[in-house]
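Protein chains in written order, with the working numbering: chain A, 2 to 237; chain B, 2 to 237.
Worksheet for the structure shown next.
2 protein chains.
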Amino acid sequence: MTVVSPSSATTPRGLRREAIVESLLADVFQGRLKAGQHLVTQDLAERYAVSHTPIREALIALAGIGIITLAPNRGAVVKQVGAKEVREVCQVRKALECEAVRLACGRISPAELQALAVELKKLAGRTGANGLRQVAKARELDSRLHDLIADASGNQFLKQELNRLKLLFRAFRDVAWEHDGAHNDFHRLTEEAYEHVVIVEALLTSDAKAASRAMSRHIRSGMVYWSRALTASTKL
Amino acid sequence: MTVVSPSSATTPRGLRREAIVESLLADVFQGRLKAGQHLVTQDLAERYAVSHTPIREALIALAGIGIITLAPNRGAVVKQVGAKEVREVCQVRKALECEAVRLACGRISPAELQALAVELKKLAGRTGANGLRQVAKARELDSRLHDLIADASGNQFLKQELNRLKLLFRAFRDVAWEHDGAHNDFHRLTEEAYEHVVIVEALLTSDAKAASRAMSRHIRSGMVYWSRALTASTKL
DNA sequence: CATCCGCCGATTCTACAGAATCGCTTGTGA
DNA sequence: TCACAAGCGATTCTGTAGAATCGGCGGATG
Numbered sequence: 002m003t004v005v006s007p008s009s010a011t012t013p014r015g016l017r018r019e020a021i022v023e024s025l026l027a028d029v030f031q032g033r034l035k036a037g038q039h040l041v042t043q044d045l046a047e048r049y050a051v052s053h054t055p056i057r058e059a060l061i062a063l064a065g066i067g068i069i070t071l072a073p074n075r076g077a078v079v080k081q082v083g084a085k086e087v088r089e090v091c092q093v094r095k096a097l098e099c100e101a102v103r104l105a106c107g108r109i110s111p112a113e114l115q116a117l118a119v120e121l122k123k124l125a126g127r128t129g130a131n132g133l134r135q136v137a138k139a140r141e142l143d144s145r146l147h148d149l150i151a152d153a154s155g156n157q158f159l160k161q162e163l164n165r166l167k168l169l170f171r172a173f174r175d176v177a178w179e180h181d182g183a184h185n186d187f188h189r190l191t192e193e194a195y196e197h198v199v200i201v202e203a204l205l206t207s208d209a210k211a212a213s214r215a216m217s218r219h220i221r222s223g224m225v226y227w228s229r230a231l232t233a234s235t236k237l
Numbered sequence: 002m003t004v005v006s007p008s009s010a011t012t013p014r015g016l017r018r019e020a021i022v023e024s025l026l027a028d029v030f031q032g033r034l035k036a037g038q039h040l041v042t043q044d045l046a047e048r049y050a051v052s053h054t055p056i057r058e059a060l061i062a063l064a065g066i067g068i069i070t071l072a073p074n075r076g077a078v079v080k081q082v083g084a085k086e087v088r089e090v091c092q093v094r095k096a097l098e099c100e101a102v103r104l105a106c107g108r109i110s111p112a113e114l115q116a117l118a119v120e121l122k123k124l125a126g127r128t129g130a131n132g133l134r135q136v137a138k139a140r141e142l143d144s145r146l147h148d149l150i151a152d153a154s155g156n157q158f159l160k161q162e163l164n165r166l167k168l169l170f171r172a173f174r175d176v177a178w179e180h181d182g183a184h185n186d187f188h189r190l191t192e193e194a195y196e197h198v199v200i201v202e203a204l205l206t207s208d209a210k211a212a213s214r215a216m217s218r219h220i221r222s223g224m225v226y227w228s229r230a231l232t233a234s235t236k237l
């Protein structure tokens, strides 16, 4: 077992818990930690070259995020990430993103939206060439749009909740990606770009209802896609 | 400072963190810990007659719930609880409760709903007599209805999120109650009971749209009431 | 005004106590 | 004699305490 980055040597005091949380999140997201796996504090302590105190604290934080469950005197286990969980989280996310986009309607600078629309259309048009870079671009644009909406909603708490859900959703996506390979992903990419364009256009015309509908479709189609990818790969 | 219940003597090993979390939540809810107050682990450790380790862990959990903020190397501060925060949390809660009630529509046993309706109407009719017992009854019925809906939504994750929000909302309610006194509360009580009845009746006829609208009104009226109570009492 | 020093408290480590689990042993019945 | 179950002991891991270390802030000092 190799020592990884948030070690006592590299990470300054006061940020270690956070660093470990991030690292463990990534581990779960990328399938290095599988559902149902028991997390032993001592092992993790060795792995990260810290004592088990900050590890424990990181586990408590992760339990708060909802990635693991803690049983008193029995330690931590990684939560199941199946199609059911994807659907459930997406359902919640849908409700909140729709609320956010309704609130944000008419409160985002048109210039910013226009710029986003241009880039999205460019991405949607360019089919198939240079996979990885496109994936990165797509994710960046996705983040930008959703962040823009969350900011413009004017509701700090909503923004914070959406962030948490985005994190969880990314977990699912990365797990599915892992299993699934990238082969059928590019089609989804352009599909997603189109969905984003519809949302942006609704925002540009300040049509809250249309924006909400578009967002709902967007999340639902993501849900269907990724949950299918998960069931297919885990052979339930 | 007196030693309080989750002490090493009374609370079994493995449940202390949880007990401390609950106790601190209650402290914040009931105004014994005020917004902006700095929480010193050593002091809390003495107060609860445990070492600072479980205290720290409880603070991390509380930060996850969103009641306090942790700054690296600078400790924990109780978050502001003003009208703005009430509105924000309620907005999120509204979105989720409406989603839940839509999902739950047609999936709750009519017998249970009928029983609830009867009790609600009894409560709504009985104006003014015997305050405290009525408040307790009202809260119990409120909990029962919302739990029923969350259960029937069939979405475990949604249920969990709603629970968290209910907790936060209770925080606000109790703070406002503290400041405000109980004088104008009984009117709100019957109002709330009527709102609940409307929701139950929509559920009985399996009218998802009506149920969602009723729920939206219910949460919004709660939001207006409590945020007003907060602004009035804290003189912002 | 800039710098340094010392204190307070947050963070982390080490050590130990209690809980859970696993496997062994021993006793019992066929 | 063999199969099986119950009890016991050892091991492993979690939870808590107390000590050591480090960072930040405020006051003293030049």
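A virtual CB, placed ideally from N, CA and C, is assigned to each residue, including glycine.
Everything numeric in this text was worked out from a predicted model, so none of it was measured.
Neighbour list for residue i in chain B, Cβ cutoff strictly below 9 Å
{"i": "A:Asn-164", "result": "Correct list: empty, because the minimum Cβ distance to chain B is about 12 Å."}
Bounding residues of the alpha helix (DSSP H) (the contiguous stretch that carries residue i)
{"i": "B:Gly-65", "result": "53-66"}
{"i": "A:Arg-48", "result": "42-49"}
Boundaries of the beta strand (DSSP E) in which residue i is found, first to last residue
{"i": "B:Ala-72", "result": "69-72"}
{"i": "A:Ala-77", "result": "76-79"}
Residue i (DSSP reduced to helix, strand or coil)
{"i": "A:Arg-121", "result": "The question names Arg, but residue 121 of chain A is Leu in the sequence shown. Of the three classes helix, strand and coil, the one that applies to A:Leu-121 here is helix, per DSSP."}
{"i": "B:Leu-16", "result": "coil"}
{"i": "B:Leu-34", "result": "coil"}
{"i": "A:Ala-101", "result": "helix"}
{"i": "A:Ala-230", "result": "helix"}
{"i": "A:Ala-194", "result": "helix"}
{"i": "B:Lys-236", "result": "Summary for B:Lys-236: the model assigns pLDDT 43, below 50, so the residue's position carries little reliability; its value from the coordinates is reported in the next sentence. Looking at B:Lys-236 - three-state DSSP - the assignment turns out to be coil, as it is neither helix nor strand."}
{"i": "A:Ala-212", "result": "helix"}
Closer than 7 Å at the beta carbon, the chain B residues around residue i
{"i": "A:Ala-159", "result": "Checking the displayed sequence, the identity of residue 159 of chain A turns out to be Leu instead of Ala. Near A:Leu-159 (Cβ distances below 7 Å), the residues of chain B are Glu-89, Gln-92 and Val-93."}
Contacts of residue i in chain A (Cβ-Cβ under 8 Å)
{"i": "B:Ile-61", "result": "Arg-18, Glu-58, Ile-61, Ala-62 and Gly-65"}
Proximal residues of chain A, C-beta to C-beta of residue i below 9 Å
{"i": "B:Pro-111", "result": "Per Cβ cutoff of 9 Å: no residues; B:Pro-111 is ~25 Å from chain A at best."}
Closer than 7 Å at the beta carbon, the chain A residues around residue i
{"i": "B:Ala-77", "result": "Under the 7 Å cutoff, chain A gives no residues; its nearest Cβ is about 13 Å from B:Ala-77."}
Could you list the residues in the segment 45-58 of chain B with a C-beta less than 8 Å from some C-beta on chain A, going in chain order? Thr-54, Arg-57 and Glu-58
So, does the segment 57-64 of chain A touch the segment 101-112 of chain A, judging by three or more C-beta pairs under 8 Å? no
Cβ contact check for the segment 44-60 of chain A and the segment 15-23 of chain A: 3 or more pairs under 8 Å: yes
Mind checking the segment 16-32 of chain B against chain A and listing, in chain order, the residues whose C-beta falls within less than 8 Å of any C-beta there? Leu-16, Arg-18 and Glu-19
Check whether the segment 91-101 of chain A and the segment 79-98 of chain B touch, using three or more Cβ-Cβ pairs below 8 Å as the test. yes
Relative to chain A, which residues along the segment 96-127 of chain B have a C-beta separation below 7 Å, given in chain order? Ala-96, Leu-97 and Glu-100
Given 8 Å as the limit, is there contact between the segment 65-76 of chain B and the segment 213-231 of chain B, that is, 3 or more CB pairs closer than that? no
Per the contact definition of three or more C-beta pairs closer than 8 Å, is the segment 109-123 of chain A in contact with the segment 139-151 of chain A? yes
Count the C-beta pairs between the segment 82-93 of chain B and the segment 196-206 of chain B that are closer than 8 Å, then say yes if the count reaches three, no if not. no
Does the pairing of the segment 27-38 of chain A with the segment 25-34 of chain B give three or more beta-carbon distances under 8 Å? no
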